[in-house]
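Accompanying notes for the structure given below.
Residue numbers (my numbering): 29 to 196.
Next up, the structure:
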């Protein structure tokens, strides 16, 4: 389970997980700007959305974001320093692939006890629901783009596609 820090939106940075050794700039952070919630002063000009070392990260040490290894320091990185391609490297490392190791099969209800839904009966006797196309993002940084893509599909643009009820 992902734990979210209580400090996450205080000041110019966001701490995504208590175990992270980096934080994310919520806004542009200037050189010399104090970040009291993390006890460091920025050593770099850091654009919004970029990573900043929250503690000293030694050369070779894993860089943690959401408590997940996102790279390794290719040099010692001091607290308050921007963490990016100039001081980060990627390499093979052991991972825990025990995803969904506690899986338990679902016990299904008998068909007579199952819930129904608000659909409609088609001419062939089968049922259906509304047809919406969902645009999904795997990361929050592309959420604005996803929203703009969905908004582009106005009713006017969808008029030639009567089988599509909308894009969300």
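Where a beta carbon is used, it is the ideal one built from N, C-alpha and C, also for glycine. Note that the structure is a prediction, hence the values are computed from the model and not measured.
*Using beta-carbon positions only, say whether residue 81 and residue 50 come within less than 8 angstroms of one another.*
yes
*With DSSP as the reference, label residue 116 as helix, strand or coil.*
strand
*Can you name the start and end residues of the alpha helix (DSSP H) that residue 176 belongs to?*
171–180
*So, residue 87 versus residue 103, is the Cβ gap smaller than 8 angstroms?*
yes
*Residues of its chain near residue 99, where Cβ-Cβ distance is below 6 angstroms and the 5 sequence neighbours each way are ignored*: 91, 116 and 118
*Tell me the start and end of each unbroken beta strand (DSSP E) in the region 82–154 that is at least 3 residues and wholly inside, in chain order.*
90–93 and 96–101
_Taking contact to mean 3 or more Cβ pairs, one atom from each stretch, closer than 8 angstroms, check whether the region 58–72 and the region 105–113 are in contact._
yes
*Based on the DSSP output, what are the partners of residue 281 in its beta bridges?*
It is not possible to answer for residue 281, since the shown part of the chain is limited to 29 through 196.
*Following the continuous beta strand (DSSP E) through residue 51, name the residue where it begins and the one where it ends.*
50–53
*Note down, in chain order, each residue of its chain lying with its Cβ closer than 8 angstroms to the Cβ of residue 159, except the 5 sequence neighbours on either side.*
191, 192 and 193
*Would you say residue 76 and residue 54 are within 8 angstroms of each other, going by their C-beta atoms?*
yes
*asked:* Considering only DSSP beta bridges, list what residue 199 is partnered with.
replied: Limits of the chain in this structure are 29 at one end and 196 at the other, which puts residue 199 out of reach.
*Taking all protein chains shown into account, decide if residue 66 is buried (16 or more other Cβ within 10 angstroms of its Cβ) or exposed.*
buried
*Looking only at C-alpha atoms, which of 145, 196 and 165 sits nearest to residue 157?*
145
*Is it right to say residue 41 is buried, meaning 16 or more other beta carbons lie within 10 angstroms of its own, or is it exposed?*
buried
*When burial is assigned at 16 or more other CB atoms within 10 Å of the CB, is residue 105 buried or exposed?*
buried
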